Each structure stands twice: as structure tokens, then as C-alpha cells.
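Only one structure is covered here, and it is reproduced in the block below.
In our numbering, the protein residues as written are 938 to 1285.
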């Protein structure tokens, strides 16, 4: 895939610098929202809904079966105010549903919805990346077991057409039917000063990935890098973010081994940013996020803003997360897990 020089990766046209007229903020789910006009993107839409460190951790806890306010408070080490705020937000975007506990009607518990259950493949890709690049000690290692075929499983992302594993370097991007512009709601929040690695949850099995994707600007920079963007000004044309914030995120990604730099100009020195192998290995996670956004985050019904082609087979790319033993697509109710000592649980 050849890197674009000035054209937008999503449309092939020079990007517009207009951010749209400034409008008054409003509140949704306890969060202050500021309207913003940007290029339509399913990844951006998905990040607007769940691309927050605490939102990711909450959904993770509910997947593991911790679904009460007090249980999450104890497991996550989050303040009551932040937890309450994020729970309201996740309900407002249809990712959680609150109801009375069947065994204790006086207690309210939170349940996943069809929308959030579809994040399961995202979670599997997160675990795979974490296991490869930040393997935990034996006591914290996750072991997955596919009950359908009776074998341990290492999830893999493959092309549904040719059934070969998908590498982000074998993908081309084209405008889709929904390649328009969005008037989005930008959440007015500060980046959490607490690294995900310091969150005391015993179930935080992809702490390092959360540090990357739990901040929308960092995640957006990674997503744009898959399109072949390399230079600071290219990223800035696509992202409505202050230069100091963008510079901070670029530096963060270099420090964490996602980007490598190469000087392309002297006096002053300017650097191009290139994905490392560790960075490219994030592609399965981002493809799963893109497909989730295509399905659940289309406010107009216009269709996908972007279509992907798998260059190895020439077909439209649809990724599916499958068992490496039997090849069956993995479903939450068919995968058991153990953490550390070999005691089976059901992830549901």
C-alpha cells in the first residue's frame, strides 16, 4: 500500500481544513458533548462511544461477570463519580442495560446488550495482542478453551473470502456509500492521569492495550497510520486536535514501541512516523472495531464510510475471528477461560 502524500486516505481528495461551525455543548448520559464536523469514519464513531479507558474497563468487567456498582467499584479502583458517569454514558449509547438482580431484587445490576456482546471479538484480539507483546506472569495468563471442538484456542483473524490470516499491510481502502461528513459529539473530558497498568482489577488482561486505545486521540492516530499517513502535518489535517496534544500522542506511541521515527528533513529536523511490527499487530483489533462501528454506529443509515479490499484475494475484506484448531467463528458462549490456575469459567 503506497502512502498518500497530500490526499485523504478515506476519499482520495485533498482534506478540508474546515472543522465546521462551532455550536453550543450539550449533555448526554452525564457527559458534556461539543458538536464537531469531521469526515465520516466508523472507527471514529465507535471511539466516540466506547473509546475511553474507563468505558473499556467497565465492559470488560461485565464480560467477566462483575456487574454491580459496588463490585465494579472494588474491582476497578475508580472513583464513585467517574464510575457513575461512565455507567450512565454506556446506558445512553445502548451498551449496558440496568435492571433489578433476579436473586436480590433490591440490588441493581448491569447487563450487556446485543450491541456490547458484539464487542467480544474485539476483546479476543486485545487478549491476543497483549499476550504476544506484554506476556503476563503465569499467575495472570489467560488460557482460552473452545468448547465446540474441545481444544485450547488461540484466536486468529482471517478473511471470510479466502480464509487466510489478515495482515494490515495487505489491505487497500476505498470510499464507501457513507463517505460523507459527520456532525459528531466530541466528549469534553480530560485524559485520565492513571495508567491502565495501575488499575487494580484482577481481570485487566489487556492493560497495555487499554493505555493505547483508551484515549481517542491516540487510537485515532494509530488508525490513520494504517492508511499510510507518516508525517505530523498529515495526521493534523485529519484530526481536529491541538498540535501540542497531537505531539504528545505521537511521542507516547514512539515511547511504547508502536511507531518508529525516521528524519526526512534537516534544519529543522522533521520526522516521519512508521508503524513497527508491534504497531501492525494492532490491526486485527482495529479491523474488529471498524466492523463493529459499521454495524452499530451508523447514525444516518447511509452505509459504510469506507470499504476495504484484501489484496491477497481481491475481495471485499470482512474479518472473522476464528478458532485456530477447528476454524469455527468464535462465540462468547462457546469459549471458556482460565486465568493462572487451571480452573474453568464460562465467559458470557
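The beta-carbon is built from N, C-alpha and C at its ideal position, and this holds for glycine as well.
For clarity, every value in this text was computed on a predicted model and none was experimentally measured.
{"query": "Cα-Cα separation, residue 1039 to residue 1092", "result": "34 Å"}
{"query": "Which listed residue (1191, 1252, 1012 and 1047) has its alpha carbon closest to that of residue 1029", "result": "1047"}
{"query": "Short Cβ contact (8 Å threshold) for residue 1261 with residue 1090", "result": "yes"}
{"query": "First and last residue of the uninterrupted alpha helix (DSSP H) at residue 1186", "result": "1180–1192"}
{"query": "Sequence-distant residues of the same chain with beta carbon closer than 6 Å to residue 1052, five excluded per side", "result": "1031, 1032 and 1233"}
{"query": "Bridge partner(s) assigned by DSSP for residue 1257", "result": "1095"}
{"query": "Cutoff 6 Å; reference residue 1065; Cβ partners in own chain excluding five residues on either side", "result": "1092"}
{"query": "Residue from 1016, 1055 and 1027 whose Cα sits closest to the Cα of residue 986", "result": "1027"}
{"query": "CB contact check: residue 1147 to chain B, cutoff 8 Å", "result": "No chain B appears in the structure shown, which is made up of a single protein chain."}
{"query": "Residues near residue 1105 in its chain [Cβ-Cβ closer than 7 Å; skip 5 each side]", "result": "1163, 1217 and 1220"}
{"query": "Euclidean distance between Cα positions of residue 991 and residue 1023", "result": "7 Å"}
{"query": "Collapsed DSSP secondary structure at residue 941 in the structure displayed", "result": "Annotation note: pLDDT 38 at residue 941 (below 50); position unreliable, coordinate value reported separately. If DSSP states are grouped into helix, strand and coil, residue 941 belongs with coil."}
{"query": "Proximal residues to residue 1211 (C-beta, below 7 Å), its chain only, five neighbours per side dropped", "result": "1167, 1196, 1197 and 1199"}
{"query": "Member of 988, 989 and 1145 whose CA lies at the smallest distance from the CA of residue 1071", "result": "1145"}
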